[in-house]
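**Student:** Just so we're aligned, residue 264 is where the sequence shown starts under this note's numbering, counting upward by one.
Before anything else, here's the structure in question.
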Amino acid sequence: MSSLTLELLAYIFLTLVALALRIGAASSRLLGQEEALRALAAWHFVQGQAPEPSWPLSPASLGLQSLAFSLFGAGDIAARLPAILAGGLIPLAFFPLRRVLGKDKALVAAAISAFSPLWIFSSSFADGEAIGALAALAALGAILWYWESRSFPWLYSAACALGLGMASGLSFWTITGEGLILAFLLREKIKPLEAKESTVFWLTLGASFLLTSTLLFFYPPGLGLAADSFALWLSSLFRGHFSLKPLVNFLLYEPLLILAAFWKGKDGLYLWALAGFGLAVAIFGGIEGPAGFLPILLPLTILSSFGLCNLFRHLTGEKFSIEELIAFGLSSCLGVWGFLGISAYTLYGALPYLLVFLGACIGIASTLIVLSLMRGLKAPYRVLILLLLTALSLGEIKLARGLNFSPYIEEHLPLCHITSLEVSEVVGSLRKLSSYRTGDPFTLKLALTGDIPELEWYLRDFSGLKVLGKSQPLPEAEVIIATAEEAFLPGESYFGRRFTVREECGVTGLKGLSLLRWLLYREPLVPRKGEEAILWVKKGFPGFKP
C-alpha cells in the first residue's frame with residue numbers, strides 16, 4: 264500500500280471521527296436563540312412561507328437547513344446538520360494543503376480540527392459559519408492545485424467555493440480580510456492571474472454567489488441577505504460593542520493550541536498576524552460564538568501543527584539517557600494522576616485530591632531539580648514541556664468528551680448563552696396537558712407573546728399556536744406564555760408560574776476552590792443568570808397544578 268493511500272485513509276478516518284464528535288455535540292443541547300431564529304426561517308421556507316429578510320440570515324444556511332428538513336423532518340439535529348457536515352469535512356480539506364504545509368503538518372492540522380473543543384462547538388451550531396470556513400479552505404486548496412497544474416476546473420472550483428462562502432455568514436468576511444492580509448504579505452511569491460484567467464474567475468465567482476445566495480433563484484431576497492451580512496460585519500467594527508469573551512474562551516478552552524503555536528518559529532509571523540486580525544475583529548466587533556471563533560481557529564490550527572511538529576523534532580533530536588527516561592516516566596505518571604484526580608467525578612471531598620495534586624507537584628519539582636543538577640538545565644526543561652503538553656492534551660480530550668457525552672453539557676460549553684432545559688420540560692408538560700384535555704398532544708390553543716424564538720421553535724407543531732407582537736391583543740387561548748419583562752395577569756381565570764428560558768454559561772462569582780474546580784472540571788457552583796418567562800394556564804384543566 265502506497266504512502267499516499269495511507270495518508271488518504273488517515274484523513275478519511277479523522278473525517279469520520281470529526282463527524283461522530285459533532286453529531287454527539289449537536290444532540291446534547293437545545294437550540295439557542297439565534298439558532299432557533301434560523302431554524303424557524305428554514306422551517307417556514309419548507310412550509311411555503313418565505314422568511315422575512317428583516318434580520319441577518321445566511322442564505323447558504325437557509326437553503327441547506329431547508330433541504331435537511333425536507334429529507335429528514337424538522338428537528339434539532341436536522342437544523343445543525345449542514346454545520347455538522349461542513350465541520351466534519353474540514354479535516355479532509357487539509358489534504359490539498361500537504362505540499363504547502365508539509366505532509367506531517369497538514370495531517371496534524373487535520374487532527375487538531377477534528378478533536379479541538381472549539382472546533383467541535385463551532386461546527387455543531389445551527390448557522391452557516393462552519394460552511395464558510397470549509398469554503399475558505401476548499402478555495403485555498405483549489406487555488407494551490409491550479410497554480411501547480413494550470414487546470415481551469417480548479418480555478419472554477421475555487422471561485423465556486425468563494426461564492427458559497429460569501430453567502431455563508433459573518434466569519435467568512437473576517438477570513439476574507441485575513442486572506443487579503445496574507446496576499447499582501449506574500450505578494451512577491453504570488454503569481455497574478457492573466458487577463459483570461461481573471462475574467463473566468465470573476466465571472467464564475469459572480470455566478471456562484473448569485474446562485475447560492477438566491478438558492479438557485481427560489482429565494483431572490485437571499486441576495487440582499489448576503490449583502491446585509493457584509494454590511495453587518497462592517498458596521499460591527501465601528502459600533503463600539505467591545506467584548507473580551509473570544510479571548511477568554513481561547514485562553515480557557517484552547518491552551519494547548521496557544522502553547523504549541525509558540526514553537527512555530529519566526530516563519531509563522533504572518534500566521535500570527537492573521538490570528539491577531541481575527542481576534543481583534545472578534546473583540547472590537549463584539550462577535551461571539553462560531554462567527555468569532557472560526558477566523559481565529561484557522562490560522563491558529565496551522566500554527567499549532569507547525570509548532571507540535573517542530574517541538575517533536577526538537578525533543579527527539581537527541582537521545583534520552585536512562586535516567587531521563589525514568590524521570591520523564593515518573594513525572595508523566597504523577598502529572599496525569601494529579602490532573603485526573605483533581606478533575607474526578609467525585610467532587611465531594613475535593614481536599615484529598617488537592618493534597619494528591621500538591622504532592623505530585625512537589626514530586627515533579629524535586630525530580631526536575633535533581634535532573635538539573637545531574638544533567639544540566641536542558642533535561643528538566645524538556646521533561647517539563649512534555650509534561651505540560653500531556654496535561655493540556657488531557658484537558659482537550661476531556662472537553663471534547665464532555666461536549667458529546669456529559670449529562671451536564673453546559674459545564675463544557677464556551678462562555679455563551681444557552682437554552683434552559685426547563686423549556687423542554689414546559690413543552691413536554693403542554694403536550695401531556697393537551698393529550699389529557701383533547702386526546703391530541705398538539706391541539707392545545709396557545710398564545711406566545713414577546714421575543715422567544717426558542718419556544719416558538721419547540722411549540723411549532725401545535726396547530727393552535729399564535730405568535731403575537733407586543734401591541735396585539737390577546738386571543739382566547741387556553742395557555743399564554745409571555746416574557747417576565749411583560750408580566751401581566753391575563754385574567755382571574757388563569758394560573759401562572761415562572762420558568763427559565765435562557766441561561767448564561769459564565770464564571771462570574773466563582774472564587775478560590777470553586778474557581779479552581781471549574782477551571783479543571785468546568786462545573787460552576789453558582790446559579791447562572793437567566794431570562795425568564797411566565798406560563799399562564801386557564802383554570803378548569805383537569806390535572807393541572809399551578
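We put the CB at the ideal spot given by N, CA and C, even for glycine.
Which residue marks the beginning of the alpha helix (DSSP H) containing Tyr-482, and which one marks its end?
**Tutor:** Taken as a continuous stretch (DSSP letters only), Tyr-482 belongs to no alpha helix (DSSP H), as it is neither H nor E.
**Student:** Using 10 angstroms around the beta-carbon of Ser-414, count the other beta-carbons present and answer buried if the total reaches 16, otherwise exposed.
**Tutor:** exposed
**Student:** Starting from His-680 and walking both ways along the beta strand (DSSP E), at which residues does that stretch end?
**Tutor:** 680 to 682
**Student:** Going by the DSSP bridge assignment, what does Leu-731 pair with across the sheet?
**Tutor:** Thr-712
**Student:** Pull the bridge partners of Arg-760 from the DSSP assignment, please.
**Tutor:** Leu-798
**Student:** Please state whether the Cβ-Cβ distance between Leu-294 and Ala-302 is less than 7 Å.
**Tutor:** yes
**Student:** What is the rounded straight-line gap between the Cα of Ser-568 and the Cα of Gly-713?
**Tutor:** 47 Å
**Student:** Does the distance from the C-beta atom of Ala-374 to that of Phe-357 stay below 7 Å?
**Tutor:** no
**Student:** Counting along the chain, where does the beta strand (DSSP E) carrying Ile-743 start and finish?
**Tutor:** 742 to 746
**Student:** If you draw a straight line from the C-alpha of Ala-337 to the C-alpha of Ser-492, how long is it?
**Tutor:** 25 Å
**Student:** Compare the beta carbon distance of Thr-475 and Leu-445 with 7 Å and say whether it is the shorter of the two.
**Tutor:** no
**Student:** Have a look at Ala-323, Ser-324, Ala-342 and flag the residue whose alpha-carbon is nearest the alpha-carbon of Phe-332.
**Tutor:** Ala-342
**Student:** Kindly indicate the opening and closing residues of the alpha helix (DSSP H) around His-307.
**Tutor:** The continuous alpha helix (DSSP H) containing His-307 extends over residues 296 to 309.
**Student:** Roughly how many angstroms lie between the CA atoms of Ala-281 and Ile-394, to the nearest whole one?
**Tutor:** In this structure, the CA atom of Ala-281 is about 15 Å from the CA atom of Ile-394.
**Student:** How many angstroms separate the CA atom of Thr-564 from the CA atom of Ala-396?
**Tutor:** 12 Å
**Student:** So what does DSSP say about Arg-450, is it helix, strand or coil?
**Tutor:** coil
**Student:** Which two residues bound the contiguous alpha helix (DSSP H) that contains Thr-462?
**Tutor:** 458 to 476
**Student:** Rounded to a whole number of angstroms, what is the C-alpha to C-alpha distance between Ala-421 and Gly-485?
**Tutor:** 22 Å
**Student:** Near Leu-510, what residues of its chain come up, given a Cβ to Cβ distance below 7 Å and the 5 sequence neighbours on each side ignored?
**Tutor:** Leu-542, Ile-546
**Student:** With distances taken Cα to Cα, identify the nearest neighbour of Gly-391 among Pro-322, Leu-334, Leu-407.
**Tutor:** Pro-322
**Student:** Measuring CA to CA, which of Leu-728, Phe-472, Pro-345 is closest to Ala-424?
**Tutor:** Phe-472
**Student:** To the nearest angstrom, how far is it from the Cα of Ala-740 to the Cα of Pro-354?
**Tutor:** 51 Å
**Student:** Are Ser-756 and Lys-708 touching if we call contact CB-CB under 7 Å?
**Tutor:** no
**Student:** Enumerate in chain order the residues of its own chain whose CB-to-CB distance from Val-544 is below 6 Å, with the five nearest sequence positions on each side excluded.
**Tutor:** Thr-437
**Student:** Leaving out the 5 sequence neighbours to the left and right, which residues in its chain are closer than 7 Å to Gly-326 when beta-carbon positions are compared?
**Tutor:** Closer than 7 Å at Cβ, skipping near neighbours: Leu-478.
**Student:** Is Leu-320 near Ala-304, with beta carbons less than 7 Å apart?
**Tutor:** yes
**Student:** Assign Gly-806 to one of two classes, buried (16 or more other C-beta atoms within 10 Å of its C-beta) or exposed (fewer than that).
**Tutor:** In this predicted model, Gly-806 has a pLDDT of only 49, less than 50, meaning its place in the structure is not dependable enough to derive any value.
**Student:** Classify Glu-766 as helix, strand or coil using the three-state DSSP reduction.
**Tutor:** strand
**Student:** Run through the DSSP bridge pairs and tell me what Gly-793 is partnered with.
**Tutor:** Glu-766
**Student:** Could you name each continuous alpha helix (DSSP H) segment of 4 residues or more that falls completely within the stretch 375 to 438, going from the start of the chain to the end?
**Tutor:** 380 to 385, 392 to 412, 415 to 429
**Student:** In three-state terms, what does DSSP make of Glu-717?
**Tutor:** helix
**Student:** Report yes if the C-beta distance between Leu-418 and Trp-496 is below 7 Å; otherwise report no.
**Tutor:** no
**Student:** Does DSSP put Arg-285 in a helix, in a strand, or in coil?
**Tutor:** helix
**Student:** In terms of residue numbering, what span does the alpha helix (DSSP H) encompassing Ile-340 cover?
**Tutor:** 339 to 356
**Student:** In whole angstroms, what separates the C-alpha of Thr-278 from that of Phe-308?
**Tutor:** 31 Å
**Student:** Is Trp-410 buried or exposed, if buried means 16 or more other CB atoms sit within 10 Å of its CB?
**Tutor:** With fewer than 16 Cβ atoms within 10 Å of its Cβ, Trp-410 is classed as exposed.
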